[in-house]
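Participant: Quick one: the structure is below, questions incoming.
Protein chains: 2
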Amino acid sequence: MSQRNTGVTSQVVNAHACPVREVLDRVAGKWSVQILVAAAHGPIRFTELERSIDGISRRMLTLTLRNLERDGLVTRTVHPTVPPRVEYELTSMARELYATLLSLTEWAERHRVTIAEARAAYDAEHAPELLDV
Amino acid sequence: MSQRNTGVTSQVVNAHACPVREVLDRVAGKWSVQILVAAAHGPIRFTELERSIDGISRRMLTLTLRNLERDGLVTRTVHPTVPPRVEYELTSMARELYATLLSLTEWAERHRVTIAEARAAYDAEHAPELLDV
DNA sequence: CGGGATCCGCCCCGATACTG
DNA sequence: CAGTATCGGGGCGGATCCCG
């Protein structure tokens with residue numbers, strides 16, 4: 001099967017499942033969201049993305065951009081100038097998605113502390129048994 | 001460092017980054033969302049989850065539930081009856097998250113066709129070069 | 001400048017078997 | 001019924017080098 005790999009396992013299998021997975025398969029990659037954020041305010045060049053994201057490798061930047069382009073979330077425009085100039089821009093579809101992600105951001109910030117506490121409590125409850133005795 | 005693995009790489013590194021990643025790290029797992037969906041309407045037993053999700057292994061069901069529990073998204077209640085009876089239930093925090101996921105669902109369904117077309121176009125444009133010559 | 005190609009480690013997840 | 005333990009594959013992502 002000549003199906004390309006987009007980032008998270010199995011497109012085919014989960015197709016029938018809830019559509020949320022479709023979104024997640026597209027956005028759950030380690031860098032996808034940060035790229036969308038960085039490109040949210042207008043066209044941006046490859047190197048600008050590379051510097052603004054911090055920690056990303058050229059490889060992953062390229063791969064993630066390709067996947068986003070493939071899914072119609074970003075457009076890639078090549079300006080055939082002497083030093084090559086490539087600009088990436090969000091599609092309207094991607095800008096809608098970006099807006100939607102904001103409600104997730106909200107949720108995360110509202111419950112960030114609670115989650116941290118829940119983790120600490122869980123770890124305190126389950127880890128010591130290994131060291132204690 | 002005794003930090004547990006929750007599903008998607010690096011908690012520490014991305015802590016400073018956008019909080020969306022925090023949510024995704026928690027939900028991007030292959031089964032997390034389906035479990036949240038299955039448990040959305042009320043307490044549900046382990047085996048009920050296992051049967052209602054279809055395709056999930058006992059192992060992954062357990063692991064994903066543990067992570068959700070650790071993050072405070074589900075509660076685990078053990079009834080010490082003769083055949084053991086364990087019920088999982090969403091916390092209010094998780095129900096809020098579930099509601100938020102609905103806007104993602106919407107987005108996915110609105111653009112599902114467009115995305116599929118974008119993919120087909122991209123693949124048609126980039127794949128043939130390998131076979132053609 | 002904007003990539004592509006390759007090698008490799010790590011973690012996610014599946015399959016199977018065993019337990020209280 | 002509700003898990004745990006172990007083995008193993010696959011793919012995501014990092015590092016490095018090379019190209020037009």
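These protein sequence lines are chains A and B, in that order. Heads up: the first sequence at position 45 corresponds to 45 in the UniProt record's numbering, and the numbers run straight through without jumps. Heads up: the second sequence at position 5 corresponds to 5 in the UniProt record's numbering, and the numbers run straight through without jumps. Think of the CB as a built atom: it goes at the ideal place given N, C-alpha and C, for glycine as much as any other residue. Since the model is a prediction, treat every value here as computed from it, not as a measurement.
1) Using only the alpha-carbon positions, how far apart do residue 60 of chain A and residue 33 of chain A sit?
2) Less than 8 Å between the CB atoms is what I'm expecting for residue 108 of chain A and residue 23 of chain B, so what's the real figure, rounded?
3) With 7 Å as the C-beta to C-beta threshold (strictly closer), list the residues of the stretch 31-52 of chain A near chain B in chain order.
4) If we count the other Cβ atoms within 10 Å of its Cβ and call it buried at 16 or more, is residue 110 of chain A buried or exposed?
5) Just the C-alpha distance for residue 122 of chain A and residue 114 of chain A, rounded to the nearest angstrom, thanks.
6) Is there a Cβ from chain B that is less than 8 Å from the Cβ of residue 93 of chain A?
7) Using a Cβ-Cβ cutoff of less than 7 Å, which residues in the same chain neighbour residue 52 of chain A once the five nearest sequence positions on both sides are dropped?
8) For residue 71 of chain B, which residues from the same chain have a beta carbon less than 7 Å from its beta carbon, with the 5 sequence-adjacent residues on both sides left out?
9) Could you tell me the distance, in whole angstroms, from the CA atom of residue 118 of chain B to the CA atom of residue 76 of chain B?
10) Below 7 Å on C-beta distance, what does residue 101 of chain B contact in chain A?
11) Kindly give me the distance between the Cβ atoms of residue 91 of chain B and residue 73 of chain B, rounded to whole angstroms, as I take these residues to be in contact under 8 Å.
12) Have a look at residue 112 of chain A and residue 86 of chain A and give me their C-alpha separation to the nearest angstrom.
13) Output yes if chain A places a C-beta closer than 8 Å to the C-beta of residue 87 of chain B; else output no.
14) Could you check whether the Cβ of residue 77 of chain A sits closer than 8 Å to any Cβ belonging to chain B?
15) If you check the beta carbons only, do residue 48 of chain B and residue 58 of chain B fall under 8 Å apart?
16) On the three-state DSSP scale, how would you describe residue 62 of chain B?
17) Is there a Cβ from chain A that is less than 8 Å from the Cβ of residue 56 of chain B?
18) Could you tell me if residue 102 of chain A is buried or exposed, where buried requires 16 or more neighbouring beta carbons within 10 angstroms of its beta carbon?
19) Of the choices A:68, A:43, A:30, A:78, whose alpha-carbon is the least far from that of residue 89 of chain A?
20) Return the residue from the list A:79, A:83, A:20, A:68 that minimises the CA-CA distance to residue 36 of chain A.
Facilitator: Quick look at the numbers:
1) 13 Å
2) 5 Å
3) 33, 34, 37
4) exposed
5) 12 Å
6) yes
7) 38
8) 26
9) 43 Å
10) 20
11) 6 Å
12) 37 Å
13) no
14) no
15) no
16) helix
17) no
18) exposed
19) A:43
20) A:68
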